[in-house]
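Structure first, then comments.
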Amino acid sequence: MSYTAIIGFAMMILITTLLLKKKVSTLFAFTIIPIIGAFLIGASIPEICGYINSGLGKTRDLMFIIFFSLPYFSVMSEAGLFDIMVEFLLKHTRLSVTVICIITVLVSLITEIDGSVTSTYLVTIPMMLPLYKKLKIDPKVLLLLCSATMCALFVTPWNGRTLRAATLLEGIESPQNYIFMKMLPMMLIYIALCIVLAVILARIQIKKGAGKVSADVDTQTMIQASELKRPKLFWFNLIWTVLLIIGLSVVPCPDYFVFAIGLIVSLSVNYPDLKLQGSLLKKYSQEMYSTACAVFLSGVVVGVLSESGMMDAMVDFLIRIIPGTMGPWVYLIIALFSTPLMLIFTNDIWQYALVPIVAGVSSKFGIPNEIVVLTLLMNMGAMISPVAQPQIYLACDLADGTELADYVKFSFVPLWILSVLWVVIGYCIGVFR
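If you use our numbering, the sequence shown corresponds to residues 872 to 1304, in order.
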């Protein structure tokens, strides 16, 4: 193993360990440790600054999205949009822990159609969290089901993961559509697996004391009264939110600008008093500051890994330690261990560094390039890696301030099991061979 690879692995293991054990702040782990790692491989200050600029450029837009999206959905929550939806469900549905968990899967599927992890979290979690609270279901279940379910639509032709993978398929007309059609059976099977997971988690929660709403409970009392509620503006807020979500997919502007327009209009309509607007924005800024900083500074890790050569050295080492006799199975081995491996990768590096190398090795044993690309496309591990998916910080913040470490510990094994089942089923039905 090269010295650069050793530093890269040590840096990522240290960051992951310190965050999970809550020994340092997220901001410290994402800034100081990568800079020290860069110095240890001999990078100069100008070079390190270049790494940082490159990485921050990849997370800047997401930080801006948080600046406007979190206040937007906070306004919708203050105005009672989600409470009214919950009240309707409480009145017209025989709710149970199992039903709520299955509804979470279905809502996550609908909100992920636009291909945005951010909007899926922003819509699904605020909508479902009140129900989880009322039925005393652990909010980590909501996070896990939302994260796991949205993976099903990673194979749609407009999703970023599919578009990345499509660039690796040469000689295939409309490669993104090719990927979608090949993966469609797997997508349907995976959705079924998510529903099974929802049922299993529901039963576990019931054993821990979660339960359905009693029939004699007045659902009106379950929705907290507040002078900030705007029930008369429910339909405006609902339609405006739907238009905003559609706008994220069809408006040729940055997502953060769409959210900025949404926030400005929603504040002006719901709370026209400027002093009240100011106090609300001040309140929201305190809530989103740490999340926005963590997301933005995760770019330092991304930049140092990708631009310094650390990640290339790490990928090269992982490929070379696999015995030659296992050559035909390299891509499957990598896929089976993709969940823990993703804790040290980013989405771009996985697709553009690891997958081409694995495809090159596999081609020597007669494995077609497209098979490798399809097999390594779905990586559930990204949904527990704040480096690969910094939106996780946003999700944890939305889910009643769940600690990142608690979410990762809770979700790691279920997501890995889903990942293994995905690979095994795909291989058995012929998609991955």
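Where a beta carbon is used, it is the ideal one built from N, C-alpha and C, also for glycine.
1. Among Phe1236, Ala1037, Ile1132 and Leu1214, whose alpha-carbon lies nearest the alpha-carbon of Ala1276?
2. Tell me, please, whether the region 907 to 922 touches the region 953 to 968 by the rule of three or more beta-carbon pairs shorter than 8 Å.
3. DSSP on Cys1124, reduced to helix/strand/coil?
4. Between which two residues does the alpha helix (DSSP H) carrying Met1197 extend?
5. Express the C-alpha separation of Pro1143 and Lys1280 in angstroms, rounding to a whole number.
6. Quick check on Asp1187: does DSSP put it in helix, strand or coil?
7. Can you tell me whether DSSP reads Asp1219 as helix, strand or coil?
8. Mind checking Tyr1160: buried by the 16 CB within 10 Å criterion, or exposed?
9. Would Arg1032 and Leu1248 qualify as a contact pair, given that the criterion is a beta-carbon distance under 8 Å?
10. Please identify the residue among Met999, Pro1261, Pro1123 and Ile971 whose C-alpha is closest to the C-alpha of Leu1168.
11. Below 8 Å between beta carbons: does that hold for Leu1014 and Ala1069?
12. Is Ile1075 closer than 8 Å to Ile973 when the C-beta atoms are compared?
13. Can you tell which of Leu1114, Ser948, Leu1176 and Leu952 has the C-alpha that lies nearest to the C-alpha of Asn924?
14. Need the endpoints of the alpha helix (DSSP H) that Ser873 sits in, please.
15. Are the CB atoms of Leu1002 and Pro1010 nearer to each other than 8 Å?
16. Kindly indicate the opening and closing residues of the alpha helix (DSSP H) around Gly908.
17. From which residue to which residue does the alpha helix (DSSP H) around Gln1047 run?
18. Do Val1173 and Gly926 have their C-beta atoms within less than 8 Å of each other?
19. Taking the beta carbon of Arg1101 as the centre, do at least 16 other beta carbons fall within 10 Å, making it buried, or is it exposed?
20. Under 8 Å, do Ile1220 and Met1254 count as touching if we go by C-beta distance?
21. Helix, strand or coil for Glu1098, going by three-state DSSP, please let me know.
22. Grouping DSSP H, G and I as helix and E and B as strand, with all else coil, what is Tyr1160?
23. Please state if the CB of Leu993 and the CB of Phe944 are separated by a distance shorter than 8 Å.
24. Is the region 881 to 888 in contact with the region 900 to 911, if contact means three or more CB pairs nearer than 8 Å?
25. How many angstroms separate the CA atom of Ile1242 from the CA atom of Val1284?
26. Our contact map puts Tyr922 next to Ser1179 with C-beta atoms below 8 Å; I'd like the distance itself, whole angstroms only.
27. What would DSSP say about Trp1029, mapped onto helix, strand or coil?
28. Nearest to Ile1135 by alpha carbon, out of Thr1112, Val1122 and Ser1120?
29. Would a C-beta distance cut-off of 8 Å place Thr991 and Glu983 closer than the cut-off?
30. Tell me whether the beta-carbon of Val1244 lies closer than 8 Å to the beta-carbon of Met1054.
31. Go to Thr964, then tell me how far its alpha helix (DSSP H) extends in each direction, as first and last residue.
32. With H, G and I counted as helix, E and B as strand and the rest as coil, what does DSSP make of Pro1010?
33. Is it the case that the Cβ atoms of Met872 and Gly908 are separated by a distance below 8 Å?
34. Under 8 Å, do Met1251 and Ala1037 count as touching if we go by C-beta distance?
35. First and last residue of the alpha helix (DSSP H) that includes Leu1040?
Let me spell this out:
1. Leu1214
2. no
3. coil
4. Careful: Met1197 lies outside any alpha helix (DSSP H) and carries neither H nor E.
5. 44 Å
6. helix
7. helix
8. exposed
9. yes
10. Pro1261
11. no
12. no
13. Leu1176
14. Ser873 -> no alpha helix (DSSP H), and no H or E assigned at all.
15. no
16. Thr897 to Leu911
17. Pro1046 to Lys1078
18. yes
19. buried
20. no
21. coil
22. helix
23. yes
24. yes
25. 26 Å
26. 6 Å
27. coil
28. Thr1112
29. yes
30. no
31. Run containing Thr964: none; DSSP gives neither H nor E here.
32. helix
33. no
34. no
35. No alpha helix (DSSP H) contains Leu1040, which DSSP labels as neither H nor E.
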